[in-house]
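Numbering (full-length UniProt numbering), first residue to last: 1 to 173.
Have a look at this one:
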């Protein structure tokens with residue numbers, strides 16, 4: 001787990017957006033994709049779906065905002081939620097693995113965090129986000145701490161998820 005600084009940059013030399021680059025890699029390689037989102041509320045899926053032709057590979061996007069949804073839809077363990085909370089490395093790991101399993105996809109993305117303005121604590125402040133990425137058999141989860149309004153936190157988390165995925169898809173370019 002590392003804290004990552006956000007860099008809003010274009011994803012390629014042709015000035016294409018990060019979602020365009022990621023979606024193109026997925027489509028060109030026939031990699032199926034699914035998302036499980038909490039704090040981003042479907043923004044990651046929305047960005048990917050904006051790419052023409054994504055319907056060939058985008059299988060499912062789940063907004064699992066409540067703990068109940070995380071348990072029922074993704075198979076997140078009640079013990080994980082009790083011991084670590086919804087906003088944790090462990091929950092993000094179970095979310096990303098759960099959506100990949102349930103949707104039967106090559107690639108999956110999961111987000112869980114505290115977008116604010118309320119809901120934070122000393123241990124888990126507003127802006128804390130965990131993002132999970134699974135590409136084939138490799139799964140990673142990273143911790144981020146974003147500043148800004150609720151919408152800024154959600155947008156930064158969305159961008160960071162796509163940026164993480166783009167890095168993990170390097171081998172497919």
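Beta carbons are placed, not taken as given, at the ideal position from N, Cα and C, and that holds for glycine.
Taking 4 residues as the shortest admissible run, the UniProt domain "CinA C-terminal" (17–168) contains the following complete alpha helix (DSSP H) segments, listed from N- to C-terminal end: 18–28, 43–49, 67–74, 78–84, 89–103, 150–168. At the C-beta level, residue 133 and residue 109 come within 8 Å of one another.
Residue 18 and residue 151 do not touch by the CB rule: their CB atoms are close to 18 Å apart, not below 8 Å. Counting of Cβ neighbours within 10 angstroms places residue 122 among the exposed residues, the total staying below 16. At a Cβ-Cβ threshold of 8 Å, residue 63 and residue 32 do not count as neighbours. If you draw a 10 Å sphere on the C-beta of residue 127, you find 16 or more other C-beta atoms in it, and that means buried. Nearest to residue 96 by C-alpha distance, out of 137, 114, 84, 116, is 137.
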